[in-house]
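Trainee:
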Amino acid sequence: MGLLLAACILGAMPAATIAQRPAKAPGKVRTTAIASPARVPASVVTDAEIAVSARLLQMADSRALDTALVDSALAGPFAAVRAQAALAVGQVGGRARYRVLRSLLDDPDTSVAAHAAYALGLARDTASVTALAAAVGVAAPRRTVGAEAAWALGEIGAAARGAIERGLDSPAVLPAVRVQLLRAAARLRPVPAARVVPFLGIPDRDVRWSAAYAVSRVRARDGLRALLPLAGDRDAGIRALVASALTRAVTGDSLGDAARTALRTLMADKDRLVRTSAVRSLATHGTEQQGAVLGAFADRDPNVRVAAAGVAWNVLDSLSAEWERLWADDTSYMVRRTLLESAVRANAPLPGARSWERAADWRLRAAWVAAAGPARSRDARLARARPALDDADGRVRAAAAGLLGGDADSSTVARDLLRRRLAAEGDLVARAGILNALGARPLPGEATLFLAAYRRALPDSQNDARLAALRALAAAFKAHAPTWSPAFEDSIKALPVPADPLERAAARELLLLGSWQTPLLIVRVPAFYDSVVRAVAVPSRAGRPPRVRIVTERGAITVALHGAEAPITSQNFIELARRGYFGGTRFHRVVPGFVAQDGDPRGDGEGGPGYAIRDELNRRRYERGAVGMALSGPDTGGSQYFLTLAPQPHLDGHYTVFGQIADGDAVLDRIVQGDRILRVEVLP
1 MGLLLAACIL
11 GAMPAATIAQ
21 RPAKAPGKVR
31 TTAIASPARV
41 PASVVTDAEI
51 AVSARLLQMA
61 DSRALDTALV
71 DSALAGPFAA
81 VRAQAALAVG
91 QVGGRARYRV
101 LRSLLDDPDT
111 SVAAHAAYAL
121 GLARDTASVT
131 ALAAAVGVAA
141 PRRTVGAEAA
151 WALGEIGAAA
161 RGAIERGLDS
171 PAVLPAVRVQ
181 LLRAAARLRP
191 VPAARVVPFL
201 GIPDRDVRWS
211 AAYAVSRVRA
221 RDGLRALLPL
231 AGDRDAGIRA
241 LVASALTRAV
251 TGDSLGDAAR
261 TALRTLMADK
271 DRLVRTSAVR
281 SLATHGTEQQ
291 GAVLGAFADR
301 DPNVRVAAAG
311 VAWNVLDSLS
321 AEWERLWADD
331 TSYMVRRTLL
341 ESAVRANAPL
351 PGARSWERAA
361 DWRLRAAWVA
371 AAGPARSRDA
381 RLARARPALD
391 DADGRVRAAA
401 AGLLGGDADS
411 STVARDLLRR
421 RLAAEGDLVA
431 RAGILNALGA
441 RPLPGEATLF
451 LAAYRRALPD
461 SQNDARLAAL
471 RALAAAFKAH
481 APTWSPAFED
491 SIKALPVPAD
501 PLERAAAREL
511 LLLGSWQTPL
521 LIVRVPAFYD
531 SVVRAVAVPS
541 RAGRPPRVRI
551 VTERGAITVA
561 LHGAEAPITS
571 QNFIELARRG
581 YFGGTRFHRV
591 VPGFVAQDGD
601 PRGDGEGGPG
611 YAIRDELNRR
621 RYERGAVGMA
631 LSGPDTGGSQ
641 YFLTLAPQPH
651 LDGHYTVFGQ
661 IADGDAVLDR
671 IVQGDRILRV
681 EVLP
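The sequence shown begins at 1 in the numbering used here and counts up by one.
What follows is the structure in structure tokens.
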């Protein structure tokens, strides 16, 4: 699974082809007809507006551009619908209307123009660089347009470098636009440090933070010297960026002493995120920092202690008595789990942890297995995984399969264990892990195993094992197809065409399944989209967004959902909450300073509702407290969601933002991995 994990499957609500992108060059496009339509007041929502909005939502969900619908919507009188139409062109990759989007950058309605700029960023349309660059220099009333144009240039990347650099050089650029230009610069390689550094001293906090973000993100030594004074900045977010940047690999000898001095000061910072970042970076400076790093185990914040446990291997040798002392002193699950992983990295024995191998709690047994991942010895990994393959809990067996996966190519013993386990394995995630390991380099004769595994996975509630089996079959076809018998090929051709577009996409390299590449129509009826627009989009546009309360054992968090920007995602979350789906789940992943992730009923990061929904990428940003949909690939959202613990600009435009914390922000800082969700309530 990827950075933000979600084993979410396209099944119950299948969509059209997975990334349908019209390839024809645009012909003559009339833009004058959409220049100045008569306007309907935004406060008035008519049935006609709802009908067009629902059709646009259906178009975006099907990922198939309807040019007539788009042109009609853009020429219509409804401002919100015109903005939605512009966004939908970018969401579906409607190349035939990119020229129209460029013309909309000058639209009198700034919301329409801003959505057009954002859509061109989603499209990463290099032909739009000149038009977007012109929009960057807008006057104050159109600052949102300029900001979205700057963001779009960052998405386009290298082809927009000149435009980004010229924007940074211009003194006329508005602060809100400059913020996005600096974040766009952070995406360039190399980062134009000479142009970014001057903004580290700007009084405007958002500009200063964005400049620090650009320097810290790439960790360029050219900018680090200028970044160091910001260790005393009045803003905790900026101090945290400085702390995260000052690793030994970046500072080298020339800045090492100054960096260590700053980090030791930041270790005592009043902000927990600053302390977390500081202990991580200070540990990279070697065993001389042992005292300061071990001191963090006494921090009042559990996530700082978890961070210290994660880097202890940098400062403790394998025979140090401190390992056992630290294990005995802190009995919390996440500190011990992370300390166990750290001990494996250091090749430290940690006898106290042996009790986890036979613990009653599956989480402890799975952690015992997974912790061996960084072990230096293949035999050590094998010894840890072998008994776990027979564990009564499928989540532990899945961890064992994942541990052996990396050794399947080089170890006959590991490969034989995995093959034998595949036939008996009942857990779909464990089967997927085994198939991924074997399919990475399939041996002659294994294709029959993969085909049998796919057939067995057909009734699965999630598609993990089916996808893994198809990828393994495709790899076997590429490597060994000349040895396959006609009868075996016929058995593959006879497989039923799945409704899941991810399965069809996984089979693209398996040429025997050419019939699977025929696009399937989306099965949702028009009434579905009409109901979603009425239930969540219209109230949100009127300033009455749906709200949910996430009740955790640390306190309650109220979230306002972005029903206008992400209506299907918002409605999906509401429906799951009403079913009681989230009650009893845990935050299975918490990365201090990054995200807290929930929504997995399995508890190991691999669970989902058995279907998937499309991405609804929109102009909302991943500031602190944003709520996003976790993914394992494009259009694979389902039930797993995450809360951002700090701004994360690199996620903007890549994961659906569908909510923002409205109350309970302090609870966010108290969440620790493993904390339980008591319930999620839909508020009236």
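Quick reminder that beta carbons are idealized off the backbone N, C-alpha and C, glycines included. On a predicted model such as this, the values are computed, not experimentally measured, just so you know.
(1) Would R239 and D206 qualify as a contact pair, given that the criterion is a beta-carbon distance under 9 Å?
(2) Determine whether the beta carbon atoms of D598 and F658 lie at a separation below 9 Å.
(3) Counting pairs of beta carbons, one from the segment 369-379 and one from the segment 330-341, are three or more of them closer than 8 Å?
(4) Does the count of Cβ pairs from the segment 476-490 and the segment 524-543 closer than 8 Å reach three?
(5) Sort A612, G633, P567 by Cα distance to S53 and report the nearest one.
(6) Keeping to the same chain, check which residues put their C-beta closer than 6 Å to that of L319; ignore five residues upstream and five downstream.
(7) Would you mind reading off the limits of the alpha helix (DSSP H) that contains E503?
(8) Relative to the alpha-carbon of A542, which residue among R534, D393, A73 has its alpha-carbon at the smallest distance?
(9) Can you grab the Cα-Cα spacing for the pair L122 / E616, in whole Å?
(10) From A134 to S128, what distance separates their C-alpha atoms?
(11) Which residues in the same chain have their Cβ closer than 8 Å to the Cβ of G583, if we skip the five residues on either side of it in sequence?
(12) Using 8 Å as the threshold, is the segment 430-447 in touch with the segment 578-595, meaning 3 or more CB pairs across them?
(13) Comparing alpha-carbon positions, which option in A140, V306, A430, G610 lies nearest V590?
(14) Assign S244 to buried or exposed, taking buried as 16 or more other Cβ atoms, counted over all protein chains shown, within 10 Å of its Cβ.
(15) Is R586 helix, strand or coil by DSSP?
(16) L685 to Y333, Cα distance in whole Å?
(17) Within its chain, find whatever has a CB closer than 6 Å to the CB of A366; leave out the 5 residues flanking it on each side and keep chain order.
(18) Nearest to R415 by CA position, among Q91, E446, L511, is which residue?
(19) May I have the straight-line CA-CA distance separating L451 from D500, to the nearest angstrom?
(20) Quick check on the DSSP output: the alpha helix (DSSP H) that includes Y581 runs from which residue to which?
(21) For E288, count neighbouring Cβ atoms within 10 angstroms of its own Cβ and tell me buried if that reaches 16, exposed if not.
(22) Quick check for students: name the residue ranges of the beta strand (DSSP E) that lie wholly in the segment 460-546, counting only runs of 3 or more.
(23) Note down, one range per segment and in chain order, each alpha helix (DSSP H) of at least 4 residues found wholly within the segment 64-98.
(24) Taking DSSP as the reference, what is the three-state secondary structure of L660?
(25) Quick check on this structure: which residue in Q91, G610, A158, F594 has the alpha carbon closest to the alpha carbon of Q648?
(26) Alpha carbon to alpha carbon, how far is V242 from A630?
(27) Verify whether the separation of the beta carbon atoms of G167 and A139 is less than 9 Å.
(28) Out of A60, P444, R99, A231, point me to the one whose CA is closest to A475's CA.
(29) Helix, strand or coil: which one does DSSP assign to I677?
(30) Check whether the Cβ atoms of G94 and V70 sit closer than 9 Å, and answer yes or no.
(31) I'd like to check one pair, R620 with P674: are the Cβ atoms closer than 9 Å?
Mentor: Here's the rundown:
(1) Within the sequence shown, residue 239 is the residue found at index 239, counting from 1. Within the sequence shown, residue 206 is the residue found at index 206, counting from 1. No, they are not a contact pair.
(2) Locating residue 598 in the sequence shown gives position 598, where the first residue counts as 1. Locating residue 658 in the sequence shown gives position 658, where the first residue counts as 1. Contact flag unset, no.
(3) yes
(4) no
(5) Along the sequence shown, read from residue 1 onward, the residue named residue 53 stands at position 53. For the residues A612, G633, P567, the minimum Cα distance to S53 belongs to P567.
(6) Numbered from 1 along the sequence shown, position 319 holds the residue referred to as residue 319. The answer is none, since no qualifying residue turns up.
(7) For the purposes of this step, residue 503 is taken as residue 503 along the sequence shown, with counting starting at 1. Start and end: 501-506.
(8) In the sequence shown, counting from the first residue as 1, residue 542 sits at position 542. Here the closest residue by C-alpha is R534.
(9) Locating residue 122 in the sequence shown gives position 122, where the first residue counts as 1. Locating residue 616 in the sequence shown gives position 616, where the first residue counts as 1. Near 11 Å, if we compare the C-alpha coordinates of E616 and L122.
(10) The count along the sequence shown starts at 1 and reaches residue 134 at position 134. The count along the sequence shown starts at 1 and reaches residue 128 at position 128. Those two C-alpha atoms are separated by around 10 Å.
(11) Translated into positions along the sequence shown, residue 583 becomes position 583. So the list reads I677, L678, R679, V680, once near-sequence residues are dropped.
(12) no
(13) The count along the sequence shown starts at 1 and reaches residue 590 at position 590. Nearest C-alpha to V590: V306.
(14) Start at 1 with the first residue of the sequence shown, and residue 244 comes out as number 244. Result: buried.
(15) Residue 586 sits at position 586 when you count from the first residue of the sequence shown. Looking at R586 - three-state DSSP - the assignment turns out to be strand.
(16) The requested residue 685 is not part of the displayed model; the chain covers only 1 to 684.
(17) In the sequence shown, residue 366 corresponds to position 366, counting from 1. R395, V396, A399, listed in sequence order.
(18) Looking up residue 415 in the sequence shown gives position 415. Among Q91, E446, L511, the Cα nearest to that of R415 belongs to E446.
(19) On the sequence shown, residue 451 is found 451 positions in, with the first residue counted as 1. On the sequence shown, residue 500 is found 500 positions in, with the first residue counted as 1. If you take the alpha carbons of L451 and D500, they lie about 18 Å apart.
(20) The residue you call residue 581 lines up with position 581 of the sequence shown. That residue, Y581, is in no alpha helix (DSSP H); it is neither H nor E in DSSP.
(21) As a first step, residue 288 is located in the sequence shown; it is residue number 288 there, counting from the start. Exposed, because fewer than 16 other Cβ atoms sit within 10 Å of the Cβ of E288.
(22) none
(23) 67-74, 79-92
(24) In the sequence shown, counting from the first residue as 1, residue 660 sits at position 660. The amino acid occupying residue 660 in the given sequence is Gln; Leu does not appear at that position. DSSP places Q660 in strand when its eight states are reduced to three.
(25) Position 648 of the sequence shown holds residue 648. The option with the nearest alpha carbon to Q648 is F594.
(26) Walking along the sequence shown from the start, residue 242 turns up at place 242. Walking along the sequence shown from the start, residue 630 turns up at place 630. One C-alpha to the other measures close to 28 Å.
(27) Counting from one through the sequence shown, the residue named residue 167 turns up at place 167. Counting from one through the sequence shown, the residue named residue 139 turns up at place 139. Cβ atoms of G167 and A139: not closer than 9 Å.
(28) Taking the sequence shown and counting its residues from 1, one reaches residue 475 at position 475. Of the candidates A60, P444, R99, A231, the one whose C-alpha sits nearest the C-alpha of A475 is P444.
(29) Position 677 of the sequence shown, counted from the start, is the residue given in the question as residue 677. It is a strand residue.
(30) Position 94 of the sequence shown holds residue 94. Position 70 of the sequence shown holds residue 70. Yes; because the gap between Cβ atoms is below 9 Å, this pair is in contact.
(31) Start at 1 with the first residue of the sequence shown, and residue 674 comes out as number 674. Start at 1 with the first residue of the sequence shown, and residue 620 comes out as number 620. It is Gly, not Pro, that sits at residue 674 in the sequence shown. No; because the gap between Cβ atoms is not below 9 Å, this pair is not in contact.
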